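Data block below; observations after.
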C-alpha cells in the first residue's frame with residue numbers, strides 16, 4: 001500500500017477535523033440508517049466516475065423521497081477531496097447523504113434538511129496479486145434480502161445484512177463472499193458485482209429483484225460491447241458457477257478482480273481467463289486515459 | 001399530550017446537552033446501521049419492562065457478534081433518565097447500541113468498542129381516542145423483507161424498509177400500516193405487533209421467518225394465558241383479517257390499540273371487541289401496579 005493523502009471530512013460543505021467530525025445522535029442516518037451513500041476511487045486528485053456516482057446518489061435519494069443533494073455543493077466537496085493529492089496517490093472517497101434530523105418516529109419530516117458527509121479515506125491494502133493472479137472467494141450462507149425492499153436496490157445506509165455476510169470469514173486470504181437469494185440465484189458479493197464467462201459469453205446477474213448495479217459493473221458491460229464480446233444480464237444460478245470458464249468481480253475501488261478459487265475449488269485452471277484479462281485491460285486503459 | 005420532562009442524552013454513560021449530543025461520522029452505527037436499539041416507556045420515572053428491553057438488546061448484540069452492553073452502566077443510564085420525572089409524567093427512552101468505530105470496510109474490528117447512546121424523548125401525542133375507541137390502519141404495499149436477514153428479527157438500526165412503509169400514508173388519522181411478506185402473510189406493523197381474535201381465540205403471527213417479537217407482544221401472550229383466553233402464534237394470512245372478530249396492535253409505548261378500521265372497512269362493528277378490552281384492561285392493570 002502506498003502512503004496516501006491524510007483523512008479529510010466535510011459536512012454540509014464545511015471542513016471538519018476528522019477526529020472531531022460528528023453528526024447529531026438525532027440524525028436519521030444514525031437513528032434509522034435513513035440515507036444513501038457512495039464509495040469512489042480518488043486517483044491523481046480526481047474522483048473516478050464522479051458523475052455516475054452522483055447520479056446514483058441522486059436516484060437513491062429520489063427513491064427515498066429525499067430532496068436530491070445540491071450538485072454544486074457536492075461537486076465542490078469532491079474537488080476539495082482531490083486537493084493536495086499527489087500524482088500516483090490513491091484514496092477512497094465516501095459520500096453519505098442522510099435525511100437529517102426530525103420527523104415523528106419513522107415518519108420523515110415534511111421538509112427534510114439532509115446531512116451530506118464527504119470523507120477521504122485510506123486506499124485499502126489489497127495485495128497486488130489479487131488483481132494480477134486472481135482472488136479466492138467463498139459463498140456466504142447469509143442470504144440476500146429478496147425483492148421486498150428498496151434496501152438492496154439502492155446503496156442505502158442499511159448494510160447490516162452484508163456485514164453479517166462479511167463476518168462469515170476472517171481469513172485474510174479470502175477476498176470476497178457471494179450472496180445468493182432464497183432461490184439460489186447469485187445476487188452480488190458483499191462489496192462487488194460478479195461476472196461469469198461461459199462459452200465466450202459474459203453473464204452477470206440481472207439484479208431484477210435485488211442487488212446493487214455497480215458503477216463499474218455498468219462500465220464493464222459497455223466495455224464488453226465495445227470489444228464485441230457478447231454480454232448479458234440474466235438470472236444466474238449458483239450452480240452455474242462451478243462450470244463457468246471464468247469468473248471475475250468488479251467494484252469502483254478494485255476495478256476487476258479475476259476469481260481463481262471459489263469455495264476452495266479452482267475456477268477452471270485457477271488462472272485468470274482470457275476474456276477477464278481483455279476486459280480488465282480495457283477498463284484500466286479507459287481509467288488511465 | 002401532557003408536558004413531559006426535557007430531552008436528555010447520555011453517551012457511554014456521560015451526560016450530553018441534547019443539542020450537542022453527537023457521534024463520530026466513523027461510528028459504524030452511522031456508516032452502516034451496524035447496531036441495535038430499544039424503545040421503552042418511561043412512566044413515573046421508571047422504565048417499563050426494563051429487564052426485557054435490556055435482555056433483547058443483549059440478544060441482538062450477541063447475534064451481531066458484538067460484546068453485550070455493560071449491564072450496570074446501562075442500568076445507570078436508565079435510572080438517570082428517570083431522575084427529575086414527576087409522578088404522572090411520561091417520556092420515551094431510546095437506547096442505541098452500535099459497534100463503534102473501526103474495522104476494514106464492512107468487516108468489523110476484532111475488538112469492537114461499542115457506542116451506547118441513551119435518550120429521553122417526548123411522549124408521542126397520540127389522541128386518547130385511539131386507545132379507547134380504536135385506530136384506523138392500512139395495509140402497506142411495501143413488503144417485509146423475508147427470512148433472509150437478521151435485520152427483521154432483531155431490533156436493528158436498519159429501519160429503512162419500515163420508513164418506506166411509513167411513507168405510504170400522511171393522513172394523521174391513520175395510526176399504523178401493516179407489512180406482509182411476499183406470500184401475503186402478515187408480519188407486523190411499522191412499529192407494532194398485530195393480533196387477531198377469531199371465535200374466541202387470539203392469534204398473532206409467529207414471526208418464524210421475519211418480524212420482531214415485541215416486549216408487549218410477549219407480555220400480552222402471558223396475560224391471555226393467565227386469563228384463560230386461548231392464544232397461539234402461527235402464520236396469519238392477510239386474507240384472514242377481513243373475517244376476524246377483533247384486531248388489535250401492541251407496542252411498548254401505546255400498550256394495546258384496538259383496530260376499528262382496516263383499509264377503510266370497519267373491523268366487525270367498528271368498536272373495540274370484548275377480548276381486546278379484557279386484554280387491554282389486564283395489561284394496563286399490570287403496568288399500573
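Protein chains in written order, with my numbering: chain A, 1 to 289; chain B, 1 to 289.
Yeah, the Cβ is synthetic: ideal placement off N, Cα and C, and Gly gets one too.
In this text, all values refer to a predicted model and were calculated from it rather than measured experimentally.
In this structure, residue 254 of chain A and residue 126 of chain A form a Cβ contact; the two beta carbons are roughly 7 Å apart against a cut-off of 8 Å.
Against chain A, the CB of residue 128 of chain B has no partner CB under 8 Å away; the residue lies outside that interface.
Ranked by Cα distance from residue 232 of chain B, the options B:205, B:248, B:213, B:160 are led by B:205. With a 10 Å radius around the Cβ and a threshold of 16 neighbouring Cβ atoms, residue 176 of chain B comes out buried. A straight-line Cα-Cα distance of about 8 Å links residue 156 of chain A and residue 34 of chain A. Counted as a single uninterrupted DSSP element, the beta strand (DSSP E) harbouring residue 35 of chain B occupies residues 35-43. A Cβ-Cβ distance of about 19 Å is found for the pair residue 202 of chain A and residue 252 of chain A, leaving them out of contact under the 8 Å criterion. For residue 272 of chain B, no CB of chain A lies under 8 Å from its own CB, so it is not counted at the interface with that chain. For residue 275 of chain B, the enclosing alpha helix (DSSP H) has its first and last residue at 274-288.
Cβ-Cβ separation between residue 170 of chain B and residue 106 of chain A: approximately 13 Å, too far for a contact (criterion under 8 Å).
From the beta-carbon of residue 212 of chain A, no residue of chain B is found nearer than 8 Å; the closest lies around 13 Å away. Closer than 7 Å at the C-beta level to chain B, one finds these residues of the stretch 177-195 of chain A: 182, 190, 191. For residue 161 of chain A, the closest of A:172, A:69, A:180 by C-alpha to C-alpha distance is A:180.
Listed in chain order, the non-local C-beta contacts of residue 213 of chain B below 8 Å within the same chain comprise 193, 207, local neighbours out to five positions each way being set aside. Judged by beta-carbon spacing, residue 113 of chain A lies within the 8 Å limit of residue 100 of chain A, meaning their Cβ atoms are closer than that value. Judged by DSSP in its simplified three-state form, residue 247 of chain B adopts strand.
Here residue 62 of chain A carries a helix assignment [DSSP, helix/strand/coil]. Rounded to the nearest whole angstrom, the CA to CA distance from residue 119 of chain B to residue 31 of chain B is 20 Å. Sorting A:278, A:14, A:136, A:28 by C-alpha distance to the C-alpha of residue 97 of chain A places A:28 at the top.
Distance between residue 267 of chain A and residue 83 of chain A, taken at the CA atoms: about 42 Å. Looking at A:284, A:123, A:182, the one whose alpha-carbon comes closest to that of residue 140 of chain A is A:182.
Not flagged as an interface residue toward chain A: residue 80 of chain B, since no C-beta distance is shorter than 8 Å. Residue 15 of chain A counts as exposed, since fewer than 16 other C-beta atoms from the protein chains shown sit within 10 angstroms of its C-beta. When 9 Å is used as the limit between beta carbons, residue 158 of chain A is near these residues of chain B: 32, 33, 151, 156, 157, 158, 159, 160, 161, in chain order. Residue 21 of chain A reaches chain B at 24, 25, 26, counting residues in chain order whose Cβ is nearer than 9 Å. Taken atom to atom, the span from the alpha-carbon of residue 135 of chain B to that of residue 138 of chain A is near 49 Å. In the DSSP assignment, residue 116 of chain B falls within the unbroken beta strand (DSSP E) covering 115-122. Residue 196 of chain B counts as buried, since at least 16 other C-beta atoms from the protein chains shown sit within 10 angstroms of its C-beta. Residues of the stretch 57-91 of chain A with a C-beta atom less than 9 Å from some C-beta of chain B are 63, 64, 65, listed in chain order.
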